[in-house]
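Notes follow the structure.
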Amino acid sequence: MSEIKETYVDYLGYKTYCKIVTPDNPDPAKKPLLVLHGGPGDCHNYLLTYAELADRANRQVVFYDQIGCGKSAIPHQEDDFYTYDLWADEFYTVREALGLDDIHLFGNSWGGMLGMYCMMKDDAGVNSFVINSSPVRIQTWLDEANRLLKYMPQDMREALAEAERTGNYETPEAKAAADEYYKRHVVGFYEKDYPQFVTDSFAGVGECYMVMQGASEFVVTGKMKDWDIREGVKNIKVPCMALSGTDDEGTPYTIKEGVDLIPGCEWTLIQGAPHIANATHPDKCLAAVEGFISKFD
Numbered sequence: 001m002s003e004i005k006e007t008y009v010d011y012l013g014y015k016t017y018c019k020i021v022t023p024d025n026p027d028p029a030k031k032p033l034l035v036l037h038g039g040p041g042d043c044h045n046y047l048l049t050y051a052e053l054a055d056r057a058n059r060q061v062v063f064y065d066q067i068g069c070g071k072s073a074i075p076h077q078e079d080d081f082y083t084y085d086l087w088a089d090e091f092y093t094v095r096e097a098l099g100l101d102d103i104h105l106f107g108n109s110w111g112g113m114l115g116m117y118c119m120m121k122d123d124a125g126v127n128s129f130v131i132n133s134s135p136v137r138i139q140t141w142l143d144e145a146n147r148l149l150k151y152m153p154q155d156m157r158e159a160l161a162e163a164e165r166t167g168n169y170e171t172p173e174a175k176a177a178a179d180e181y182y183k184r185h186v187v188g189f190y191e192k193d194y195p196q197f198v199t200d201s202f203a204g205v206g207e208c209y210m211v212m213q214g215a216s217e218f219v220v221t222g223k224m225k226d227w228d229i230r231e232g233v234k235n236i237k238v239p240c241m242a243l244s245g246t247d248d249e250g251t252p253y254t255i256k257e258g259v260d261l262i263p264g265c266e267w268t269l270i271q272g273a274p275h276i277a278n279a280t281h282p283d284k285c286l287a288a289v290e291g292f293i294s295k296f297d
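If you read the sequence shown in my numbering, its first letter stands for residue 1, the second for the next number, and so on.
Pasting the structure below:
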């Protein structure tokens, strides 16, 4: 069994929580995998299936809760506190503090967006990068989300449209509609059947989600509404693989936009998988990630 170490890294006067999973017999030829969660603000827990790479591949796996959520929660901040550079600088701070100067990188959703942003700034010490269902342009993501909504029952579409108009997503009708969408395209389960590690993650969501994203998955009212790094990703030099599902809210059309722009980017598309593909297809995700990053050890 692998060993789990929990620690904190000082950042901006706060504490960034880190979880380091080390195999009993680490393979010295295997570089650590650093995992970036989504949101912003969704916590690391829902990606913990990737910790199994420690036992399966004798590779160290490192997670952390980005500032503003989970065990890295902080007091209320004004909106201007939360920026892309806030989390980018934290990424480099965590790496330096933990000695992660020679790694592989994995990012899901916002985590992949953050990873791309960092790889455009400074890619030193990153040997490969798995971009798991992350858009290079937010408008493409939103256009596709609204296309997926057209396949929902009419009463559910109307409930979500009403919630968008009023800003109240807590009505029984809106919550049922969102639950259906999450079952189809995000988690792969209805809320009552969420795996515990997903429930734990959602329980720790921070205020930064509202600041950056907004009230729902279907409309971006926060700072990410202008996200467009199509030009920047053309200069990414790290070997990349996109990972996504056919049923993903990050649709194949959304993901292909990045695949076509990032030089030499590979793509693994998992049949039937939603956005949090590791919750429904853990073995396929683990095999895809290890199969790719091991080529760059």
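All C-beta atoms in this analysis are idealised placements derived from N, C-alpha and C, irrespective of residue type, glycine included.
These numbers were taken from a predicted model, which means no experiment stands behind them.
query	result
Assigned exposure category for A29 - 16 Cβ within 10 Å defines buried	exposed
H37 and G111 closer than 8 Å at C-beta	yes
I242, enclosing beta strand (DSSP E) - first and last residue	Reading off the sequence shown, one finds Ala at residue 242, where the question assumed Ile. Counting along the chain, the beta strand (DSSP E) containing A242 begins and ends at C240 to G245.
Length at least 3, wholly inside the stretch 126-198: the beta strand (DSSP E) runs in chain order	126-132
Best match in Y46, D24, L53 and V61 for proximity to E6 [C-alpha to C-alpha]	V61
Residues that E3 bridges to, as DSSP identifies them	T22
DSSP-derived helix/strand/coil call for L86	helix
Selected residue, minimal CA-CA separation from Q77, among G264, L12 and W227	L12
Candidates M1, Y50, P75 and V136, of which the one nearest I255 by Cα	V136
Same chain, Cβ closer than 8 Å to L261, neighbours up to 5 away in sequence not counted	V136, R230, V233 and K234
C-beta atoms of V238 and D155 nearer than 8 Å	no
Nearest-angstrom Cα separation, counted from V219 out to Y82	19 Å
One or two residues paired with W110 in a DSSP bridge	Its beta-bridge partners do not exist; DSSP assigns none.
Proximity to A88 [Cα-Cα], best of L114, D10, R95 and L100	L114
8 Å CB neighbourhood of Q139 in its chain, flanking five on each side removed	D228
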